[in-house]
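Using this note's numbering, the first residue of the sequence shown is number 1, and each one after it goes up by one. Ideal Cβ placement from N, Cα and C applies to all residues, glycine included. Worksheet: one structure, shown below.
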Amino acid sequence: MPAVAPAAPESFSRRTARAAERAKGRGRPVRERLVATLSPAVATAAAALPSRKAARVAGPRRVSASQPAHPPSRTRRWSSKTVVVLALAAFFGTAALPAYATTGEGSAVGAARTALAVQTLAGGDTAAQLVSRDTLGISEAPQTLTSTTNSTVSPSVQALAIQLMGAVASGRLVGSTPNHLPEIANLAAGKAVPGCGVDYRVLQAISIALDHFAQAGVSDINRRCTGQIEGAGTESAHYTDGGGHALDFYLLNGSPLTGGDAKSIQLIKILDPLVPSGTGLGQIECRPSIRLGAFQPFSDSCDHLHIDFLKAQGATLRYG
1 MPAVAPAAPE
11 SFSRRTARAA
21 ERAKGRGRPV
31 RERLVATLSP
41 AVATAAAALP
51 SRKAARVAGP
61 RRVSASQPAH
71 PPSRTRRWSS
81 KTVVVLALAA
91 FFGTAALPAY
101 ATTGEGSAVG
111 AARTALAVQT
121 LAGGDTAAQL
131 VSRDTLGISE
141 APQTLTSTTN
151 STVSPSVQAL
161 AIQLMGAVAS
171 GRLVGSTPNH
181 LPEIANLAAG
191 KAVPGCGVDY
201 RVLQAISIAL
211 DHFAQAGVSD
221 INRRCTGQIE
231 GAGTESAHYT
241 DGGGHALDFY
251 LLNGSPLTGG
261 DAKSIQLIKI
271 LDPLVPSGTG
281 LGQIECRPSI
291 RLGAFQPFSD
301 SCDHLHIDFL
311 KAQGATLRYG
């Protein structure tokens, strides 16, 4: 007869039930994904929210020092327009000035250390040219400066003639009889009158004299223009090769000149370092012997100071 197993105590049954409960609780709960569908209007508004927020956070755009406020091309365009406008304003402003305007011509020293700065404004297709006397800056052919038979007036010659006519207007440059100052006036007006031309170096010598004296008097330039035949006749630098290659000073600061007086010698010493080599100088017998560099002295009457450039080896005087 089989043996009967003893019955399990009650405590065993409770432990078994609790273990079963714990085992049952170890299972993980199932998580479901919920998808919400938005209407088109709501979706559009939601998409715009981040950009608006970014705009509020960023605030106004700051321009760095290395980044110009306007594109470089636009800046350059405005700059070029500004230059053109200013240039036109200067052009028409200068055109309105009197033909023989002067600056400081009444002083004893004159325009010695100021630039000529006379702007020659010509009509037609001729460009305006600014000539600075102290720096020269002459790019013209020597023939246009020294020849007195040209059919047109060199811009440099005209500019210097305008300056000298300013001295005429103020009484600092005076003529004699016959009067040769109209020859300078023609050049200042841009007129090339046959037989009345003036060598550029003659104009320069007059200008330098006015730099150092309150007044200068000129008695001879181009004798062809006045019909004079005297002294060396048709071989004179006043007459030959178109004439106008020499000038005679007869007065400085109100005092008549002899070619050997104190003012004559003063002007000779001023001009000698500036004139080209071979420049003629009259009145050798009217003064004591003086050391000269560029000047070539010769005999002449003692009632003026003669300077001529007929054989001078250079188209302009030097300015220091």
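> Shortest alpha-carbon distance to Pro297 belongs to which of Tyr250, Glu285, Leu247?
Replying inline: Glu285
| message | Between which two residues does the alpha helix (DSSP H) holding Leu181 run? | response | First-last of the alpha helix (DSSP H) with Leu181: 181-188.
task: Let me know if Ile184 comes out buried or exposed under the rule of 16 or more other beta-carbons within 10 Å of its beta-carbon.
output: buried
Between the C-alpha atoms of Pro178 and Leu281, what's the straight-line distance to the nearest angstrom?
22 Å
**Prompt:** Should the segment 228-238 be called in touch with the segment 262-272, which here means at least 3 C-beta pairs below 8 Å?
**Reply:** The segment 228-238 vs the segment 262-272: no contact.
Below 8 Å on the Cβ atoms is my contact criterion, and I expect Ile221 with Val202 to pass it. Report the Cβ-Cβ distance as a whole number of Å.
6 Å
Quiz item: How is the beta strand (DSSP E) around Ile307 delimited, first residue to last?
Solution: 305-308
request  = Less than 8 Å between the CB atoms is what I'm expecting for Phe295 and Leu252, so what's the real figure, rounded?
outcome  = Not quite, the Cβ-Cβ distance comes to about 17 Å (not below 8 Å), so this is no contact.
Quiz item: Per the contact definition of three or more C-beta pairs closer than 8 Å, is the segment 139-155 in contact with the segment 166-176?
Solution: Not touching, per the Cβ criterion.
Which of the three DSSP states is assigned to Leu130 in this structure? Any reading at Leu130 is ruled out, since the residue's pLDDT is 34, under 50, leaving its predicted position unreliable.
### Query
Any idea what DSSP makes of Ala161, helix, strand or coil?
In this structure, Ala161 counts as helix in the three-state DSSP scheme.
Practice prompt. Look up Leu252 in the DSSP assignment and say whether it is helix, strand or coil.
Written response: Three-state result, Leu252: strand.
### Message
Measuring only the C-alpha atoms, how far is Lys311 from Ser219?
### Response
21 Å
Assuming contact is defined by CB atoms lying nearer than 8 Å, are Asp199 and Thr279 in contact in what I supplied? no
* Taking the Cβ atom as the reference point for each residue, do Pro142 and Ala315 lie within a distance shorter than 8 Å? -> Taking 8 Å as the Cβ cut-off, Pro142 and Ala315 qualify as a contacting pair.
Exposure of Gly254, with buried meaning 16 or more beta-carbon neighbours within 10 Å:
exposed
inquiry  = According to DSSP, is Asp211 part of a helix, a strand, or is it coil?
reply    = In the structure shown, Asp211 falls within a helical segment according to DSSP collapsed to helix, strand and coil.
>> So, with DSSP's three-state summary, where would you put Gln296?
In response: strand
Exercise for the section: Quick one: give me the first and last residue of the alpha helix (DSSP H) that Leu145 is part of. Expected result: 142-146
- Query: In or out: Gln313 buried (at least 16 other Cβ within 10 Å) or exposed?
  - Reply: exposed
(Q) At the level of alpha carbons, what is the spacing between Thr146 and His245? (A) Approximately 8 Å between the Cα atoms of the pair.
Q.
Quick check on this structure: which residue in Leu292, Ala167, Ala205, Asp248 has the alpha carbon closest to the alpha carbon of Ser176?
A. Taking only the C-alpha atoms, the option nearest Ser176 is Asp248.
Is the beta carbon of Cys302 closer than 8 Å to that of Gly260? yes
| query | Cβ atoms of Asp272 and Gly242: under 8 Å apart, would you say? | reply | Cβ atoms of Gly242 and Asp272: not closer than 8 Å.
Is the CB-CB distance between Gln158 and Leu181 below 8 Å?
no
Along the chain, where does the beta strand (DSSP E) that runs through Leu281 open and close? Counting along the chain, the beta strand (DSSP E) containing Leu281 begins and ends at 279-281.
Opening and closing residue of the alpha helix (DSSP H) in which Ala232 lies:
Per DSSP, Ala232 belongs to no alpha helix (DSSP H) and is neither H nor E.
Item to check | CB-CB length for Ala205 against Leu317, believed under 8 Å | outcome: 7 Å
query: How is Ser289 classed by DSSP in three states: helix, strand or coil?
result: coil
- Query: Helix or strand or just coil, what does DSSP make of Val247?
  - Reply: Reading the sequence as shown, one finds Leu at residue 247 and not Val. DSSP places Leu247 in strand when its eight states are reduced to three.
Report, in whole angstroms, the separation of the C-beta atoms of Asp308 and Ala237, which I expect to be a contact under 8 Å. 4 Å
Practice item. Please work out which residues of its chain come closer than 6 Å, Cβ to Cβ, to Asp300, disregarding the five sequence neighbours upstream and downstream, and give them in chain order. Key: The answer, listed in chain order, is Gly282, Gln283, His306.
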